[in-house]
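Asker:
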Amino acid sequence: MPPMLRRSALKILLALCVSVPFAGTAEAADYAGAISAFRRAHGLKPVKLDARLNAAALKQAQAMAASGSVSHSAAGSFSSRMAPLRKSQAAENIGAGFLTFAEMLKQWQNSPGHRANLLLPGVSRVGVAFVDNARSPYRKFWAMVITD
Numbered sequence: 034m035p036p037m038l039r040r041s042a043l044k045i046l047l048a049l050c051v052s053v054p055f056a057g058t059a060e061a062a063d064y065a066g067a068i069s070a071f072r073r074a075h076g077l078k079p080v081k082l083d084a085r086l087n088a089a090a091l092k093q094a095q096a097m098a099a100s101g102s103v104s105h106s107a108a109g110s111f112s113s114r115m116a117p118l119r120k121s122q123a124a125e126n127i128g129a130g131f132l133t134f135a136e137m138l139k140q141w142q143n144s145p146g147h148r149a150n151l152l153l154p155g156v157s158r159v160g161v162a163f164v165d166n167a168r169s170p171y172r173k174f175w176a177m178v179i180t181d
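So in this note's numbering, spot 87 of the sequence shown is number 120, and the numbers just go up one at a time.
Right, here's the structure in full:
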């Protein structure tokens with residue numbers, strides 16, 4: 034295959050690998066439900082799914098999947114990504130390599146910094162997204178944004 038065609042084919046393949054958005058509405062509601070159950074067990078109010086936060090989480094997950102790295106700055110600084118939302122408090126959890134949300138959530142619950150974000154007082158909205166990248170050893174990249 035000529036180099037030019039090979040590059041085009043690779044770009045298309047990469048685009049297909051990283052273009053799987055967050056799960057459908059029912060599963061996404063389960064994300065908020067699972068996070069809310071954890072929060073309630075610790076005496077905190079539940080969170081509701083927010084479409085704008087889903088979009089912010091998706092952008093982060095896509096950037097990580099495209100780069101193949103797990104980094105809070107993959108899609109730009111967190112503060113710059115959150116600025117348009119005009120929230121007084123916001124936090125982000127990211128991760129990769131976990132194929133189900135239950136596995137990812139368990140890891141976040143067991144990590145002190147991620148756990149603190151899940152248990153942030155005064156928040157009421159959450160967005161969760163994942164993006165698959167079969168070419169990465171991680172295979173699946175997750176992002177969660179939680180705000181007031």
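Backbone N, C-alpha and C define an ideal beta-carbon position, used for all residues, glycine too.
Taking CB distances under 7 Å as the criterion, tell me whether PRO154 reaches chain C.
Answerer: No chain C is part of this structure, which consists of one protein chain only.
Asker: Does ASN158 come out as helix, strand or coil in the three-state DSSP assignment?
Answerer: As a working note, residue 158 is residue 125 in the sequence shown. For the sequence presented, residue 158 should be read as Arg rather than Asn. The answer is strand: DSSP assigns ARG158 an E or B state.
Asker: To the nearest angstrom, how far is it from the Cα of ALA88 to the Cα of ALA162?
Answerer: Counting from 1 along the sequence shown, the entry for residue 88 is found at position 55. Counting from 1 along the sequence shown, the entry for residue 162 is found at position 129. Straight-line measurement puts the Cα of ALA162 at about 8 Å from the Cα of ALA88.
Asker: Helix, strand or coil for PHE174, going by three-state DSSP, please let me know.
Answerer: If you number the sequence shown from 1, residue 174 lands on position 141. In the three-state reduction of the DSSP assignment, PHE174 falls in the strand class.
Asker: Looking at C-alpha atoms only, which residue of ARG172, SER157, LEU138 and GLY109 is the closest neighbour of ARG148?
Answerer: Here the question's residue 148 lines up with position 115 in the sequence shown. When only C-alpha atoms are compared, the closest one is LEU138.
Asker: Is it the case that the Cβ atoms of THR180 and VAL156 are separated by a distance below 7 Å?
Answerer: As a working note, residue 180 is residue 147 in the sequence shown. As a working note, residue 156 is residue 123 in the sequence shown. Yes, Cβ-Cβ distance for THR180 and VAL156 is below 7 Å.
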